[in-house]
Amino acid sequence: MFAEYYLLILAFLAHLIRTLFAMPANKYIFTIVLMLLGISFLVAQTPQQKADSAETVLVGIPARDTAHLLATANFILENSSNSRQRFEILERISVGYFHVNDINKSIAYAFKAKDAAEEFGDAETLAQAYGSIANLYFQLDLTDKARPYLATAIKHIENMPSGDNKYKLKALSFLEMGNLDFNAKDYKRANDNYKKALSQFGSIKSVKNKSTYHYRRALYNIGNSYHFLQQADSAETYLNHALLLKDPKNPELKFYIETTLAEVYRGRREYKRAVDTLQSVLKARDFDAEPLKIEIYLNLSRNYKALGDAANYALYNEKHLALRDTLQSREREAINTAIDVEKKSLSESVQRSDQKNTWLTIAILGILFISGGIIVYLNRAKKKERALYLNLIERLQSQSSFALPQPEESEQEIETDIQTAYTIPPAVEAEILEGLQNFEEDEGYRNPALTVSMLAVSLKTNPAYLSAVIKAHKDNNFNAYINELRIKYICRKIHEQREYANYKISYLAEDCGFTSHSAFSTVFKKVTGISPSVFLREEEKLNMTG
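Start counting the sequence shown at 60; every next residue gets the next number (this note's numbering).
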């Protein structure tokens with residue numbers, strides 16, 4: 060207990076020192092006296108009074124300063140007997156973890172806040188608690204999980220007395236409904252809900268109850284939905300309006316606005332302007348939103364491709380793939396945490412209240428049913444992967460095309476093929492085919508620096524003839540032909556030489572001619588239909604049974 064109290068004093072000191080250095084020199088002594096009186100006052104207080112005093116310190120701690128925030132918040136929770144206060148503190152912790160992208164802990168504290176809200180029993184508090192959980196599920200793209208929590212939040216909002224707080228929570232509920240519709244790709248309905256949210260925010264009378272962040276968020280969401288409705292002028296109008304509003308406490312929203320504006324520019328083929336906008340976001344000192352960074356990398360790669368900048372296209376496409384894989388893994392972990400916390404929350408509620416046993420049991424059964432559905436889905440996915448693997452092994456033994464059938468070519472690709480359809484003398488064509496046979500037998504495709512020009516020189520022909528022969532006889536363009544040979548080579552190695560199954564994917568990629576792990580994984584999935592890790596898993600099963 061003393062250690063926690065000591066941490067609170069440190070947090071209190073840190074807060075006041077920050078204030079001290081922001082003040083003119085003639086106020087130093089006055090502030091120091093207040094600081095010493097504040098510490099003396101804390102020592103003489105009851106536990107609840109200490110919690111109340113600590114809450115005033117908590118207000119001045121930035122949401123991203125999780126170390127100080129947690130030290131102060133935990134002290135309040137230890138001393139507070141007020142369930143409303145406990146709810147507000149737990150909500151603040153949840154928001155703090157959300158700001159630093161720790162969704163797991165954000166979810167855990169959101170459910171603790173819900174428990175405190177249910178203990179307090181106030182309609183406004185319950186609406187906030189259920190709305191927060193709905194928002195977190197939305198962030199994880201669990202739309203079906205978010206809707207019932209949002210519906211419960213709206214039910215509690217309707218039980219609130221009229222006034223600014225009700226307007227604010229109704230506005231937030233419309234924002235969340237819009238988000239769920241947006242996730243379902245119903246952009247028109249989402250746009251309508253965002254406009255209703257903006258109207259509710261406009262109904263708030265008291266200046267202190269107005270929130271620049273939420274009002275700006277509504278403007279951004281309207282602009283973003285207009286972008287997806289392909290109404291560029293309306294999108295730009297709302298996005299620029301949102302950009303004009305200044306909100307230093309919440310700088311991250313500015314980055315989302317600018318990213319969507321860049322997409323509007325790309326839609327107008329203003330690729331250079333889009334690139335400049337996205338690069339300015341990446342270079343911003345306080346930008347660290349990893350989920351948005353994935354989108355920015357992808358959009359930069361698309362804009363650079365449109366500009367014909369192959370080097371930057373490859374660079375940002377590579378960054379996009381690497382970060383996407385990392386965040387998808389975190390998201391799966393967060394989803395598991397959400398399900399586990401929800402189960403625990405429901406189970407504890409059953410123990411606390413016998414009167415709710417029937418409904419809570421139904422809820423638990425519902426979760427178990429959903430969990431069962433997920434397990435069935437995963438089993439089916441594994442069976443599908445197993446079937447693809449077995450089919451792959453069969454294709455390894457045959458002389459037919461190794462790669463899975465690919466989607467039909469685009470008009471641009473077909474046009475390119477027509478342009479390169481040269482008339483090749485039969486004797487030259489035969490020589491090229493013989494050269495390709497030797498090239499495949501010598502495993503020349505494993506050279507990571509290989510290009511069509513390089514291979515053409517080694518076969519004593521020109522790139523145009525070589526590309527035409529590959530297209531006619533291998534049913535592929537040059538890159539797809541080489542990639543298929545590389546993937547077939549490494550699959551055979553893994554299947555026939557057991558030690559290969561123990562190698563890291565980065566080594567396997569290098570061995571067959573790829574320069575990066577992510578490029579290898581992308582091509583492997585495209586050619587075979589399964590990822591390298593799934594292929595290795597199935598090989599391990601085969602080796603164990605064999």
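Heads up, the beta-carbon is just placed ideally off N, CA and C, and yes, glycines get one too. Small disclaimer: the values here were computed from a predicted structure and weren't measured.
Is there a Cβ of chain B sitting closer than 8 Å to that of residue i, yes or no?
i, result
"N238", "Judged by its chain identifiers, the structure shown contains no chain B, having just a single protein chain."
Below 7 Å CB to CB, which residues in the same chain sit around residue i once its five sequence neighbours on both sides are set aside?
i, result
"R206", "L239"
"K171", "L149"
"S577", "E377, L380, A381"
"K254", "I281"
"Y285", "N250, S293, A294, Y297"
"E470", "Because the pLDDT at E470 is just 43, under 50, the model does not fix this residue reliably, and the value given afterwards should be weighed accordingly. So the list is empty, once near-sequence residues are dropped."
"A515", "N521, P522, L525"
"A373", "none"
Which residues in the same chain as residue i place their Cβ atom closer than 6 Å to its Cβ, once the five residues preceding and following it in sequence are excluded?
i, result
"V593", "E444"
"K442", "none"
"L128", "I120, G155"
"I579", "Going by the sequence as given, residue 579 is Phe instead of Ile. Only A568, F573 meet the Cβ criterion."
"M236", "N252"
"T587", "L451"
"F583", "I546, P591"
"S565", "H576"
"Y627", "Nothing in the structure corresponds to residue 627, since the chain is present only between 60 and 605."
"S191", "A169"
"V288", "Here the sequence assigns Leu to residue 288, which means Val is not the residue at that position. Excluding residues within five positions, the ones whose Cβ falls inside 6 Å are Y246."
"Y375", "Y356, L359, S360"
Between which two residues does the alpha helix (DSSP H) harbouring residue i extend?
i, result
"T184", "182-198"
"G37", "Here the chain covers residues 60 to 605 and nothing more, so residue 37 does not appear."
"Q338", "330-342"
"E543", "537-555"
"I178", "Going by the sequence as given, residue 178 is Glu instead of Ile. E178 -> alpha helix (DSSP H) spans 162-179."
"M219", "Looking at the DSSP string, M219 is not in any alpha helix (DSSP H), and its letter there is neither H nor E."
"E502", "Premise fails: E502 is in no alpha helix (DSSP H) and is neither H nor E."
"A515", "511-517"
"I589", "First-last for I589: undefined, no H or E at that position."
"N561", "Unbroken run through N561: none, as it is neither H nor E."
"S526", "522-533"
"L357", "349-366"
Is any heavy atom in the ligand NAD found nearer than 7 Å to the beta carbon of residue i?
i, result
"L278", "Among the ligands in the structure shown, none appear at all, so the ligand NAD cannot be discussed."
Which residues in the same chain as residue i place their Cβ atom closer than 8 Å to its Cβ, once the five residues preceding and following it in sequence are excluded?
i, result
"Y279", "Y297, L298, A301, L312, Y315, I316, T319"
"R325", "A333, N358, R361, N362, A365"
"I529", "L495, N535, N536, F537, Y540"
"A81", "Confidence in A81 is poor, its pLDDT being 46 and thus under 50, which makes the residue's placement unreliable; the coordinate value appears in the next sentence. Closer than 8 Å at Cβ, skipping near neighbours: no residue."
Practice task
Please go through the stretch 252-316 and give each complete alpha helix (DSSP H) segment of 4 or more residues, from N-terminal end onward.
Solution key: 271-287, 291-303
Practice task
Could you tell me whether the stretch 504-518 touches the stretch 568-586, where touching means 3 or more Cβ pairs closer than 8 Å?
Solution key: yes
Problem - Validate contact between the stretch 249-269 and the stretch 206-218 using beta carbons, cut 8 Å, 3 pairs - result: no
Problem - Given 8 Å, three or more beta-carbon pairs between the stretch 554-565 and the stretch 520-535 - result: no
Practice task
Decide yes or no for the touch test of the stretch 239-253 against the stretch 221-228: beta carbon pairs closer than 8 Å, at least 3 of them.
Solution key: no
Practice task
Specify whether the stretch 158-166 and the stretch 178-190 touch according to this definition: at least 3 beta carbon pairs, one from each stretch, less than 8 Å apart.
Solution key: no
Practice task
Pair every Cβ in the stretch 331-346 with every Cβ in the stretch 298-309, then say whether three or more of these pairs are closer than 8 Å.
Solution key: no
Practice task
Could you tell me whether the stretch 311-327 touches the stretch 348-358, using the rule of 3 or more Cβ pairs below 8 Å?
Solution key: yes
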